[in-house]
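Novice:
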Amino acid sequence: MLTGSLSIFEVFDTIGPTRTQRVSTLFLGEIRAQRRAFKDGDTSEKEQPSVSQPAVVGCAYGQESFKCPDDFGFYPHHISCDKYWKCDNGVAELKTCGNGLAFDATDTKYLTENCDYIHNVECGERTQFEPPISTPHCARLYGIFADEAKCDVFWNCWNGEASRYQCSPGLAYDREARVCMWADQVPECRNEEVANGFACPAPGEVSNAGSFSRHAHPEDCRKYYICLEGVAREYGCPIGTVFKIGDADGTGNCEDPEAVPGCEDYYGDLDLKTIRKSELLAGLNNAGETRTVPAKNLKPRPAKEA
Numbered sequence: 031m032l033t034g035s036l037s038i039f040e041v042f043d044t045i046g047p048t049r050t051q052r053v054s055t056l057f058l059g060e061i062r063a064q065r066r067a068f069k070d071g072d073t074s075e076k077e078q079p080s081v082s083q084p085a086v087v088g089c090a091y092g093q094e095s096f097k098c099p100d101d102f103g104f105y106p107h108h109i110s111c112d113k114y115w116k117c118d119n120g121v122a123e124l125k126t127c128g129n130g131l132a133f134d135a136t137d138t139k140y141l142t143e144n145c146d147y148i149h150n151v152e153c154g155e156r157t158q159f160e161p162p163i164s165t166p167h168c169a170r171l172y173g174i175f176a177d178e179a180k181c182d183v184f185w186n187c188w189n190g191e192a193s194r195y196q197c198s199p200g201l202a203y204d205r206e207a208r209v210c211m212w213a214d215q216v217p218e219c220r221n222e223e224v225a226n227g228f229a230c231p232a233p234g235e236v237s238n239a240g241s242f243s244r245h246a247h248p249e250d251c252r253k254y255y256i257c258l259e260g261v262a263r264e265y266g267c268p269i270g271t272v273f274k275i276g277d278a279d280g281t282g283n284c285e286d287p288e289a290v291p292g293c294e295d296y297y298g299d300l301d302l303k304t305i306r307k308s309e310l311l312a313g314l315n316n317a318g319e320t321r322t323v324p325a326k327n328l329k330p331r332p333a334k335e336a
């Protein structure tokens with residue numbers, strides 16, 4: 031890597047994630063698989079996001095009834111966004127989406143039965159919802175929710191089961207955009223969590239730094255900071271490497287631990303070959319998710335000599 035140049039991965043990260051970029055390709059793949067299972071007829075409790083609640087045509091349900099326009103179809107409820115009517119041979123059945131899902135009424139032919147996350151559905155005047163059913167880390171049984179303690183962590187909840195996801199180093203989960211963004215751009219992220227309190231050198235303190243500079247993390251051999259226009263953002267070297275401080279101020283590269291004095295045993299007894307293979311198979315380089323290396327086996331960056 032040339033001194034003073036950004037790697038292709040750093041260039042992408044420096045540009046920053048757009049507000050339309052999904053948090054994790056791997057994560058979305060799991061969601062699509064769950065939806066496909068539902069559409070293909072899997073009625074198991076875990077995969078079925080729609081809970082049937084029968085109703086008979088002409089009978090009152092909360093002082094209401096529904097007359098099927100056609101023999102077959104799926105029609106939105108007039109006030110509840112998470113309810114809809116299923117018509118089969120002219121008989122109406124009131125159904126309720128899973129808690130945290132809403133009925134997608136975009137099919138103008140009314141032939142699609144689809145419950146999606148509430149934030150993905152345009153409810154319009156259908157403003158009512160079933161009361162929330164919560165489990166640990168899940169405000170509702172289905173949905174994507176920010177962690178209350180760590181701003182870079184979010185949870186995918188499916189039928190009340192929470193799966194933990196973590197943004198890449200330097201990013202935090204934005205509750206409004208529902209993507210990972212730079213931590214300093216996320217209002218809920220406390221100041222001390224942005225770059226862990228690291229402050230960039232004042233202009234002129236780093237010679238030959240150009241438009242950006244790299245700086246070693248004070249405690250972790252694998253992590254480092256990039257300062258761009260006075261803003262510090264945390265990065266992490268690929269698993270199996272550590273950050274080596276360059277000869278010039280504000281420079282450095284990711285190198286093998288053996289090439290960095292004091293960081294030779296950073297990964298301890300971890301099987302790096304197996305970890306790299308699992309990373310490749312999982313496609314995490316494209317998914318944007320961070321794999322956490324067991325901290326108990328890692329050694330901190332040695333303190334600088336006085």
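Mapping of the sequence shown onto my numbering: residues 31 to 336, in sequence order.
C-beta atoms are modelled at their ideal positions from N, C-alpha and C, and glycine is treated no differently.
1) Is the region 275-286 close to the region 205-219, with three or more CB pairs under 8 Å?
2) Taking only the alpha-carbon atoms, compute the straight-line gap between threonine 195 and alanine 179 and give it to the nearest angstrom.
3) Take the Cβ of glycine 154 as the centre, count every other Cβ of all protein chains shown within 10 Å, and call the residue buried at 16 or more, exposed below.
4) With a Cβ-Cβ cutoff of 8 Å, do alanine 132 and proline 166 count as a contact?
5) Would you kindly work out how many angstroms separate the C-alpha atoms of asparagine 119 and glutamate 264, rounded to a whole number?
6) Tell me the start and end of each unbroken beta strand (DSSP E) in the region 177-217 that is at least 3 residues and wholly inside, in chain order.
7) Please say whether proline 162 and asparagine 189 have beta carbons closer to each other than 8 Å?
8) Checking the sheet assignment: what are the DSSP bridge partners for tyrosine 255?
9) Assign alanine 132 to one of three DSSP states: helix, strand, or coil.
10) When DSSP builds the beta bridges, which residues end up paired with aspartate 410?
11) Shortest alpha-carbon distance to glycine 280 belongs to which of Cys181, His245 and Ile174?
12) Can you tell me whether proline 287 is buried or exposed, with buried defined as 16 or more other CB within 10 angstroms of its CB?
13) Going by C-alpha to C-alpha distance, which of Ser164, Glu143, Glu152 and Glu249 sits closest to lysine 116?
14) I need the boundaries of the beta strand (DSSP E) containing phenylalanine 228, first residue and last residue.
15) Is the beta carbon of alanine 169 sitting closer than 8 Å to the one on tyrosine 203?
16) Could you give the C-beta distance for cysteine 257 and cysteine 230, rounded to a whole number, given that I count them as a contact under 8 Å?
17) Output needed for glycine 282: all residues of its chain with C-beta closer than 7 Å, excluding positions within five of it in sequence on either side, in chain order.
18) Between the C-alpha atoms of glycine 298 and cysteine 284, what's the straight-line distance to the nearest angstrom?
19) Using only the alpha-carbon positions, how far apart do proline 99 and valine 209 sit?
20) For aspartate 146, which residues of its own chain have a beta-carbon under 7 Å away from its beta-carbon, when the five flanking residues on both sides are left out?
21) Considering only C-alpha positions, which residue in the set Gly103, Asn150, Arg156 and Gln158 is nearest to aspartate 137?
22) To which residues of the same chain is histidine 107 closer than 6 Å at the C-beta, ignoring the five residues directly before and after it?
23) Thinking C-beta only, is glutamate 218 closer than 8 Å to cysteine 181?
24) Phenylalanine 159 and isoleucine 174: beta carbons closer than 8 Å?
25) Using only the alpha-carbon positions, how far apart do arginine 205 and tyrosine 172 sit?
26) By DSSP, does asparagine 283 sit in helix, in strand, or in coil?
27) Rounded to the nearest angstrom, how far is the Cβ of threonine 157 from that of cysteine 111, given a contact under 8 Å?
28) Who are phenylalanine 273's beta bridge partners in DSSP?
29) Does the Cβ of proline 199 have 16 or more other Cβ atoms within 10 Å, making it buried, or fewer, making it exposed?
Specialist: Quick answer:
1) The region 275-286, when compared against the region 205-219, does not touch it at the 8 Å Cβ threshold.
2) The displayed chain sequence assigns tyrosine, not threonine, to residue 195. The alpha-carbon atoms of tyrosine 195 and alanine 179 are separated by roughly 14 Å.
3) Classification for glycine 154: exposed.
4) If you check the CB distance, alanine 132 and proline 166 do not come in under 8 Å.
5) Those two C-alpha atoms are separated by around 59 Å.
6) Whole beta strand (DSSP E) segments, 3+ residues: 183-188, 191-196, 201-204 and 209-212.
7) Annotated as distal: asparagine 189 and proline 162, with beta-carbon spacing of 8 Å or more.
8) Beta-bridge pairing links tyrosine 255 to His245 and Glu264.
9) Residue state, collapsed to three classes: strand.
10) With the chain covering only 31 through 336, there is no way to say anything about residue 410.
11) Across the set Cys181, His245 and Ile174, the C-alpha of His245 shows the shortest separation from the C-alpha of glycine 280.
12) Flag for proline 287 reads buried.
13) Of Ser164, Glu143, Glu152 and Glu249, the residue nearest in Cα terms is Glu143.
14) For phenylalanine 228, there is no enclosing beta strand (DSSP E), as DSSP marks it with neither H nor E.
15) The answer is no: Cβ separation not under 8 Å.
16) Correct: roughly 4 Å between the Cβ atoms.
17) So the qualifying residues of the chain are Arg244, Ala246, Tyr254, Phe273, Lys274, Ile275 and Gly276.
18) As the crow flies, the alpha-carbon of glycine 298 is around 18 Å from that of cysteine 284.
19) Using only the alpha carbons, I get a separation of about 40 Å.
20) Closer than 7 Å at the Cβ level, and outside the excluded window around aspartate 146, lie Leu131, Ala132 and Asp134.
21) In terms of CA proximity to aspartate 137, Gly103 leads the group Gly103, Asn150, Arg156 and Gln158.
22) Taken in chain order, the residues that qualify are Lys113 and Tyr114.
23) Their beta carbons are under 8 Å apart, which means cysteine 181 touches glutamate 218 by this criterion.
24) No. Outside cutoff.
25) Straight-line Cα distance between these residues: approximately 16 Å.
26) When secondary structure is reduced to three states using DSSP, asparagine 283 falls in the strand class.
27) A Cβ-Cβ distance of about 7 Å is found for the pair threonine 157 and cysteine 111, placing them in contact under the 8 Å criterion.
28) Paired residues: Cys284.
29) A buried status is given to proline 199, since no fewer than 16 other beta-carbon atoms sit within 10 Å of its beta-carbon.
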